[in-house]
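Asker: Mind looking over this structure? Questions follow.
There are 2 protein chains.
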Amino acid sequence: MNSEKSAEHSYPPGRVKISEALKNLLGCKDFQAIKIAEIAETAGVNEALIYKYFRNKRDMLYQMIGDYLEGCRVEMIRVIAGQNSTFGKLEKFISTIIDIYNRDRIYSKMILFEFRNSSDYYTSKPYSILQGTYDLCLLIIREGISDGTFREDINPCFMRQHIIGSVEQVCMNSIITSRSLSSKKITAYIVDLLVNGISRRGN
Amino acid sequence: MNSEKSAEHSYPPGRVKISEALKNLLGCKDFQAIKIAEIAETAGVNEALIYKYFRNKRDMLYQMIGDYLEGCRVEMIRVIAGQNSTFGKLEKFISTIIDIYNRDRIYSKMILFEFRNSSDYYTSKPYSILQGTYDLCLLIIREGISDGTFREDINPCFMRQHIIGSVEQVCMNSIITSRSLSSKKITAYIVDLLVNGISRRGN
DNA sequence: ACAGGTAAGTAAGTTTTATTTACCTAAATA
DNA sequence: TATTTAGGTAAATAAAACTTACTTACCTGT
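Protein sequence lines correspond, in order, to chains A and B.
For the first sequence, the residue numbers in the numbering used here are 1 to 203.
For the second sequence, the residue numbers in the numbering used here are 1 to 203.
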């Protein structure tokens with residue numbers, strides 16, 4: 001019984017084909033418009049096989065998002081570790097989020113649009129992975145407060161929300177308008193606003 | 001044919017009962033879990049009547065959100081008009097958003113969680129009403145730039161996204177955690193972060 | 001090398017749920 | 001008074017999610 005993979009499920013060909021089929025279909029229509037029959041047909045498997053691997057339609061989405069977000073979390077940890085200044089870490093944190101949302105639009109849409117619409121989403125596994133990734137920001141903030149980069153009179157959790165909110169909003173907008181983001185430029189822009197505020201300098 | 005109300009539909013008792021039933025049900029379960037039959041039963045009308053007034057299930061949500069958001073837009077215009085300083089307007093804009101999200105949690109949930117999950121949402125009427133409300137922020141920003149309150153080196157649309165993103169994130173979090181927000185306190189907190197940035201003062 | 005379990009896979013259902021059709025009734029209108 | 005029209009319903013339909021009961025083929029321990 002010790003043959004488990006890193007994730008807690010195995011990936012037989014049928015399962016992989018199902019996930020890929022759903023992903024492909026999500027490229028052209030949205031989740032609720034995609035039929036199980038359609039997924040099965042696209043994958044070239046029987047409908048019932050889907051229910052061997054997934055509890056229900058929504059569970060497919062959650063598992064896919066979970067796998068994807070786990071990869072993102074690992075990437076984020078690696079990328080931040082490569083920076084030594086607090087400021088550099090914050091920049092990398094933001095630019096990596098932008099890169100991720102920019103890179104695979106199908107997953108981005110899943111996460112920003114399909115993912116949240118169920119009351120059990122914030123008790124779900126993918127949610128906690130996403131929060132885990134976003135919470136890396138908290139470490140940066142705490143470090144920044146103690147080394148004097150950031151204000152010490154602000155609640156770190158609150159600051160985190162402020163940062164995430166701003167970044168996600170920009171990403172969401174680019175996805176809605178189907179515009180690609182230049183991660184470097186946008187990061188600089190966001191960081192500037194976050195760090196210096198919107199008030200005229202020297203006010 | 002000139003008997004139209006201010007909104008483009010009339011409100012006979014059956015229709016009102018249906019909307020109220022849906023709203024009540026949304027208080028305890030989420031949209032996709034609510035059945036048409038259940039709505040009809042709660043409203044005390046026949047299922048078919050629902051389709052007299054609404055194209056489909058999703059259309060019910062859109063119409064309800066549309067009506068609600070139209071009220072919010074009107075409120076926002078009135079409230080901002082009562083301020084004369086740019087700074088006061090920004091504060092009022094933010095505190096009103098917080099108040100609205102705080103006030104009726106069922107509508108907030110609809111808007112933040114159910115509303116976005118369809119690709120046609122950003123071509124929908126409620127979306128354009130919401131954007132219209134949020135765009136009031138643009139006027140404030142432009143005014144603030146010309147009167148020297150805000151930085152002139154920032155794109156107003158971008159600044160708008162930054163502000164909305166931060167505010168919405170905080171509201172979303174309070175809804176997820178079912179915590180009520182003290183609009184005054186939180187507004188002061190957000191405005192401070194937005195205006196002055198997260199960087200240590202005098203950096 | 002073979003019994004027995006187990007994972008991958010399927011055909012053909014059942015059930016659930018959104019949506020339609022065809023109809024009734026009463027009030028407004030011409 | 002005839003007729004349209006708005007509010008409303010019972011009962012059918014259709015579509016899609018999900019199950020059941022069944023193969024087939026591959027491991028695995030004796």
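Glycine included, each C-beta is placed from N, C-alpha and C at the ideal position.
Bear in mind the structure is a predicted one, so any value in this text is a computation, not a measurement.
Compare the C-beta of residue 83/B against all C-beta atoms of chain A and say whether one is closer than 7 Å.
Answerer: Chain A contact via Cβ: absent.
Asker: In terms of residues, what are the limits of the alpha helix (DSSP H) holding residue 133/B?
Answerer: Taken as a continuous stretch (DSSP letters only), the alpha helix (DSSP H) holding residue 133/B covers 125-134.
Asker: Comparing alpha-carbon positions, which option in 32/B, 135/B, 156/B lies nearest residue 57/A?
Answerer: Looking at the Cα atoms, 32/B is the closest of the given residues.
Asker: Within the same chain, show all residues whose beta-carbon is closer than 8 Å to that of residue 37/B, passing over the 5 residues directly before and after it, in chain order.
Answerer: Counting only Cβ-Cβ distances below 8 Å, and skipping sequence neighbours, we find 47.
Asker: Grab the span of the alpha helix (DSSP H) containing residue 99/A for me, first residue to last.
Answerer: Residue 99/A -> alpha helix (DSSP H) spans 86-103.
Asker: Which stretch, first to last residue, makes up the alpha helix (DSSP H) that contains residue 35/B?
Answerer: Per DSSP, residue 35/B belongs to no alpha helix (DSSP H) and is neither H nor E.
Asker: Go through its chain and collect everything with a Cβ distance to residue 21/B's Cβ below 6 Å, but skip five positions before and after it.
Answerer: Here the set comprises 39, 42, 43.
Asker: Could you run through the stretch 161-180 of chain A and flag, in chain order, every residue whose CB is less than 9 Å away from some CB of chain B?
Answerer: Of all residues in the stretch 161-180 of chain A, 161, 162, 163, 164, 165, 166, 167, 168, 169, 170, 172, 173, 176, 177 have a Cβ within less than 9 Å of some Cβ in chain B.
Asker: Against chain B, with Cβ distances strictly below 7 Å, would residue 110/A count as a contact?
Answerer: Not closer than 7 Å to any Cβ of chain B, the Cβ of residue 110/A fails to qualify, so no.
Asker: If residue 151/B sits next to residue 201/A, beta carbons under 8 Å apart, how far is it from one beta carbon to the other, in whole angstroms?
Answerer: The Cβ separation is near 7 Å, so the contact holds.
Asker: Mapping the DSSP letters down to three states, classify residue 182/A as helix, strand or coil.
Answerer: Note: residue 182/A maps to coil in three-state DSSP.
Asker: What does residue 154/B touch in chain A if you count any residue whose Cβ is under 9 Å from its own?
Answerer: 189, 192, 193, 198, listed in chain order.
Asker: Answer yes or no: do residue 166/A and residue 162/B have a C-beta to C-beta separation smaller than 7 Å?
Answerer: It is a contact, given that the beta carbons lie within the stated cut-off.
Asker: Comparing C-alpha positions only, which one of 128/B, 24/B, 13/B, 102/B sits nearest to residue 62/B?
Answerer: Checked all of 128/B, 24/B, 13/B, 102/B; the closest Cα to residue 62/B is 128/B.
Asker: Using three-state DSSP, classify residue 174/A as helix, strand or coil.
Answerer: Three-state DSSP puts residue 174/A in a helix.
Asker: Less than 7 Å separating the beta-carbons of residue 251/B and residue 99/B?
Answerer: Because residue 251/B is not part of the residues shown, which for chain B are 1 to 203, the question remains open.
Asker: Would residue 124/A count as contacting chain B if we go by Cβ distances under 7 Å?
Answerer: No, because no Cβ of chain B sits closer than 7 Å to the Cβ of residue 124/A.
Asker: Are the stretch 189-201 of chain A and the stretch 104-119 of chain A touching by the rule of at least three beta carbon pairs closer than 8 Å?
Answerer: Cβ pair count under 8 Å is below three, so no.
Asker: What span of residues does the alpha helix (DSSP H) with residue 14/A cover, start to end?
Answerer: 13-26 is the span of the alpha helix (DSSP H), which, as asked, contains residue 14/A.
Asker: Taking the straight line between their C-alpha atoms, what separation do you get for residue 3/A and residue 69/A?
Answerer: Only weak support exists for where residue 3/A lies, its pLDDT of 30 falling under 50; the coordinates are left without a value.
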